[in-house]
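Q: Take this structure first; my questions come after.
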């Protein structure tokens with residue numbers, strides 16, 4: 176999970192990686208406010224070894240969780256792709272594959288707002304330079320969130336296979 180956090184911090188725009196340790200949500204919000212952060216991406220390890228990713232906004236009264244909670248089914252790190260060089264931060268997101276489900280479109284729109292990036296149409300990303308988030312499905316129909324560098328459409332990772340998305344907070 177730490178390597179995943181490092182990989183995400185390298186490619187997400189304006190990201191700062193902080194070890195949570197035993198910080199409470201209140202302490203985490205205070206730390207974020209000290210760093211002038213507006214959002215937090217919490218990468219949490221589950222008891223069974225899998226993990227989850229939560230999106231949060233920060234306010235004076237603490238953290239505000241934003242749906243969905245992403246349950247991680249698998250991870251492929253940047254080093255697994257053989258990518259060790261620096262890449263530019265993400266500037267957009269694209270949905271690949273056949274007609275996306277409402278859930279995938281909703282997730283893409285949330286990511287656009289959360290990271291302040293553009294939603295690109297399939298094919299539009301090929302004309303750009305830099306990194307993008309790509310949403311696609313594997314052969315088993317699971318959602319894949321990965322990072323691609325253009326031009327050349329080279330997957331640089333990390334790649335997260337989503338086992339489930341929970342849209343109801345508190346679930």
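In this note's numbering, the protein residues as written are 176 to 346.
Here a beta-carbon is modelled for each residue, glycine too, at the ideal position from N, C-alpha and C.
Would you please state the rounded distance, in angstroms, between the beta carbons of residue 290 and residue 306? I believe it to be under 8 Å.
A: Residue 290 to residue 306, Cβ: 11 Å. No contact.
Q: How should residue 187 be labelled, buried or exposed, when 16 other C-beta atoms within 10 angstroms of its C-beta is the threshold for buried?
A: Its Cβ being crowded by 16 or more others within 10 Å, residue 187 is buried.
Q: Check each candidate in 286, 268, 241 and name the one with the smallest Cα separation from residue 341.
A: Among 286, 268, 241, the Cα nearest to that of residue 341 is on 241.
Q: Could you check what DSSP says for residue 251 in three-state terms: helix, strand or coil?
A: Residue 251 falls in the strand class under three-state DSSP.
Q: Tell me, which residues are paired with residue 186 by DSSP?
A: DSSP output for residue 186 lists no bridge partner at all.
Q: If you draw a straight line from the C-alpha of residue 285 to the C-alpha of residue 190, how long is it?
A: Using only the alpha carbons, I get a separation of about 17 Å.
Q: Going by C-alpha to C-alpha distance, which of 330, 227, 259, 216 sits closest to residue 337?
A: Ranking 330, 227, 259, 216 by Cα distance to residue 337 puts 227 first.
Q: For residue 203, count the other beta carbons within 10 Å of its own beta carbon; 16 or more makes it buried, fewer makes it exposed. Which is it?
A: Its Cβ being crowded by 16 or more others within 10 Å, residue 203 is buried.
Q: When you compare each of 193, 197, 217, 221 to residue 210 by their alpha carbons, which one comes out closest?
A: Of the listed residues, the one whose Cα sits closest to residue 210 is 193.
Q: Evaluate residue 182 with the Cβ neighbour count: other Cβ atoms within 10 Å of its Cβ, from every protein chain shown; 16 or more gives buried, anything less gives exposed.
A: The residue is buried, with at least 16 neighbouring Cβ atoms inside 10 Å.
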